[in-house]
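Here is the structure we will look at, set down as C-alpha cells.
In our numbering, the protein residues as written are 35 to 725.
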C-alpha cells in the first residue's frame with residue numbers, strides 16, 4: 035500500500051516526478067482531462083445560471099477506474115497538474131471524480147520539474163483555487179455557447195464542418211483585413227542616392243541626406259537629377275564627425291509568445307511544433323545517470339520574471355565561462371505587457387549548467403535546437419549590455435549633404451552568446467568607417483541613384499500573427515498555437531511562402547459572422563472578454579455574471595441570424611476539363627488537405643485527382659514539358675516536369691520564365707529569411723532581394 039498517490043496529466047511527467055519523491059509515493063497519469071462537456075449536445079443550461087453538464091470523456095473510463103482503485107489504497111492524494119487555469123481545472127475534475135474534498139490541501143504546483151522544486155512544492159500543498167477553475171470554466175462555456183450556436187447555423191447556411199470560435203474568428207479577420215490593405219495599397223515612388231567615397235586607400239559608403247544640412251526626401255527622378263547637377267567636381271569635405279558610445283541591452287527571457295516567434299524566425303518551426311517540443315523538454319528527458327529530468331520551466335507563461343536562484347546560478351556560470359565583466363551588473367526593468375499575469379517565471383532552462391553541448395547526446399535534433407534557443411536567450415538575458423562605438427559623418431559638396439554611418443562592437447557583452455532575431459529590421463552588422471576628421475577632403479568613386487517604391491504591409495507569418503494577437507490582448511499563452519492550427523484545418527486560411535492568405539471560404543464565414551455577430555469578430559470586445567476572465571481568476575468578478583452579460587446580447591443576434599441569414603451557395607468552380615472516366619465536367623472541390631479536382635457526376639463517378647499547377651516555364655532539361663508545382667509526402671512544395679517519369683527534372687526553388695543574362699541558364703527564386711532573391715541555377719548571378 036502506497037502512503038501517497040500523486041496524479042499528473044502525462045506519463046512522461048509521472049515518470050520524472052516519481053524518481054524525485056521516493057518509494058512512499060505512487061505517481062499516476064490522468065492523460066489530460068477526465069471530464070468535459072458532451073460533444074453531442076450543448077451541455078450548458080442557459081436557463082439555470084449556465085450550469086455546465088460534465089460527463090466522463092469517452093475512452094477515459096479505464097483510466098478513471100485505475101485512478102479510483104489507486105486512490106482507495108492511498109492515505110493521501112495530491113493533484114499535481116500544470117500550474118495554470120487548465121491544470122487547475124483538470125485537478126478540480128479529478129477531485130470530483132475521486133470524491134475528494136476540493137477545500138483540502140490536495141493541490142501541489144511547481145514551475146519546473148526538478149528535484150528541489152518538486153520537494154519544495156510538496157511541503158506547501160493548498161486547496162484547489164476555485165477562482166482559477168472558474169476562469170477556465172467561463173472560457174470553456176463561452177466557447178461552447180459561441181461554437182455550438184453559430185456552427186450549426188453555418189452548416190445550414192454555408193456548408194457542413196464549419197466552426198466559428200471567439201479567438202479564431204478574430205485571427206481570420208486580421209488576416210482578411212491585412213489582405214484588403216495589400217490589395218488597396220498604392221505604391222509611392224521614392225529615390226535614394228548612394229555614393230562610394232575614397233580616402234587614401236580606404237573607401238566607405240554614404241547616402242544622400244539633404245541640402246544645407248536639412249533632410250530632404252527624393253520623390254522623382256527629376257529631383258534626383260537636380261541634386262546631381264548641384265555636385266561640383268569630385269571632391270567632398272568632411273563637415274561634421276559625431277562619435278558616440280551606445281549601449282545595447284539583451285532581449286528578455288522567453289514568454290510563450292516570444293518563444294513561438296523566435297522559433298519561427300530562427301528555426302523555421304510552426305507554433306504547434308514549438309509547443310510540442312517545449313512540452314517534451316518540460317516534462318522530462320532521460321539524461322544518462324541523472325535519469326529523467328525536466329530541462330525547461332513551464333512553457334505557457336506571459337512573464338519574463340526569473341527566480342533569484344536561477345539568476346545566481348546563471349551569474350556564476352557567466353563569470354566562470356566568460357569573466358566577471360560579462361555578468362549583468364545592474365537590475366534591468368523588463369517591459370511587462372499590460373495583459374501579463376506574471377503567474378509563472380519566464381521560459382528558461384532549469385539549470386544553466388546543462389548547456390546545449392552537454393545535452394546534445396540526449397536530445398533529438400529538433401529538441402536540441404529548441405533547447406539551445408531557450409538556453410542561449412536566458413543566459414544572454416543575464417549578461418552585461420553590449421557597447422557599440424558609433425560614428426556619423428556629414429560628407430558635403432557645396433549645399434549637397436551625404437551622410438555615412440559606421441559602428442563597431444567595443445564590448446560584445448550578451449552578443450557573445452545570442453542576438454535576437456527580427457521580422458522587420460536587418461540584423462545589426464559592424465560597418466567601420468575609416469579614420470575621418472572635420473575638414474578632411476575625400477573623393478567619390480561612384481554615385482548610384484536608385485528608384486524604389488513603397489511596399490504594402492507584409493502578410494502575417496505565424497510569428498507576426500502571434501505577436502499581433504498578444505499585443506491586442508486576444509487569447510492567452512495556451513491559445514495561440516491551437517488557434518493557428520484550427521484556422522488552417524478549417525480551410526479559412528492557407529499558407530503561401532509561410533504567409534497567411536484568406537481563402538474564399540474564410541472570407542464568406544468571416545463576413546457572415548461580422549454581419550450577424552459583430553462582437554465575436556470585434557478586436558476590442560474580445561480583448562475585453564479576456565480581461566474579464568482575468569478578473570474572474572483574480573476573484574474580482576463572478577464567472578456567471580461575465581457569461582450572462584455576454585449572452586444577453588448574443589442571444590438577440592442569434593435570433594436575428596436564424597431569421598435573416600441567407601443560404602450561401604458555394605458553387606464548385608469548373609476545372610476546365612472533362613472526366614476521363616465518364617466524360618462529365620471536372621470541378622474544383624475543397625477537402626481537408628486543400629483543393630482537388632473531382633468529377634461533377636459524383637456519386638455515380640468518384641474520379642478525383644490532384645490539381646496540376648503550371649508556372650509558365652518550359653522544362654530546361656527535356657525542352658518539351660512544362661514545369662509544374664507539386665507536393666512531397668511531407669507537403670513540401672517542389673517543382674518538376676509534367677513529363678515525369680520520362681523527364682526527371684526537379685527543383686526545390688521556383689524556376690522563373692527568364693534566362694540568366696550571364697550564362698543563359700535557368701533563373702530561380704530563392705527563399706531567404708528576409709524575402710525572395712532571384713538567382714541563377716548555374717552561376718553566381720544574383721538580383722536584389724525582394725521582401
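Yeah, the Cβ is synthetic: ideal placement off N, Cα and C, and Gly gets one too. As the structure is a prediction and not an experimental result, all values here were calculated from the model.
| Item | Value |
| --- | --- |
| Cβ-Cβ separation, residue 180 to residue 212 (assumed contact under 8 Å), whole Å | That pair is no contact at about 23 Å. |
| With 16 other Cβ atoms within 10 Å as the buried cut-off, status of residue 92 | exposed |
| Status (buried if at least 16 other CB within 10 Å, exposed otherwise) for residue 695 | exposed |
| Residue 408 to residue 290 span [Cα, whole Å] | 11 Å |
| Terminal residues of the alpha helix (DSSP H) in which residue 547 lies | 538-550 |
| Which of helix, strand or coil DSSP assigns to residue 158 | coil |
| CA-to-CA distance, residue 384 to residue 84, given in whole angstroms | 42 Å |
| Residue 415 vs residue 285 beta-carbon contact at 8 Å | yes |
| Exposure of residue 40, with buried meaning 16 or more beta-carbon neighbours within 10 Å | buried |
| Limits of the unbroken beta strand (DSSP E) element including residue 450 | That residue, residue 450, is in no beta strand (DSSP E); it is neither H nor E in DSSP. |
| Backbone secondary structure at residue 425 - three-state DSSP | strand |
| Residue range of the beta strand (DSSP E) that includes residue 609 | 607-612 |
| Spatial neighbours of residue 514 in its chain, beta-carbon cut-off 8 Å, leaving aside the 5 residues before and after | 290, 291, 294, 305, 500, 503 and 504 |
| Chain B within 8 Å of residue 114, Cβ atoms only | No chain B is part of this structure, which consists of one protein chain only. |
| Pair within 8 Å by beta-carbon distance, residue 232 and residue 479 | yes |
| Nearest residue (CA-CA) to residue 387, options 348, 417 and 130 | 348 |
| Continuous alpha helix (DSSP H) assignments of at least 4 residues falling wholly in the region 550-606 | 552-555, 557-571 and 577-598 |
| Contact check, residue 647 vs residue 663, beta carbons under 8 Å | yes |
| Three-way DSSP call (helix, strand, coil) for residue 165 in this model | helix |
| Secondary structure of residue 38, DSSP reduced to three states | strand |
| Nearest candidate by alpha-carbon position, reference residue 129, set 476, 360, 120 and 141 | 141 |
| CA-to-CA distance, residue 55 to residue 331, given in whole angstroms | 19 Å |
| Per-residue burial, residue 706 [other beta carbons within 10 Å of its own, 16 or more giving buried] | exposed |
| Nonlocal neighbours in the same chain, by C-beta distance under 6 Å from residue 184, ignoring five residues either side | 198 |
| Nonlocal neighbours in the same chain, by C-beta distance under 6 Å from residue 715, ignoring five residues either side | 699, 700 and 702 |
| Inter-residue Cα distance where the pair is residue 188 and residue 524 | 13 Å |
| First through last residue of the beta strand (DSSP E) which encompasses residue 276 | 269-282 |
| Cβ separation of residue 335 and residue 536, assumed to be a contact under 8 Å, to the nearest whole Å | Rounded, the Cβ-Cβ distance is 31 Å, inconsistent with contact. |
| Burial state of residue 615 (16 or more Cβ within 10 Å) | exposed |
| Residue span of the alpha helix (DSSP H) that contains residue 237, given as start and end | Careful: residue 237 lies outside any alpha helix (DSSP H), inside the beta strand (DSSP E) at 236-245. |
| Alpha carbon of residue 236 to alpha carbon of residue 468, nearest angstrom | 6 Å |
| Where residue 85 sits in the DSSP three-state scheme | strand |
| Under 8 Å between C-beta atoms of residue 396 and residue 521 | no |
| Residue range of the unbroken alpha helix (DSSP H) whose run includes residue 299 | 290-301 |
| 6 Å Cβ shell around residue 453 - same chain, five flanking residues per side excluded | none |
| Cβ pair residue 427, residue 272 closer than 8 Å | yes |
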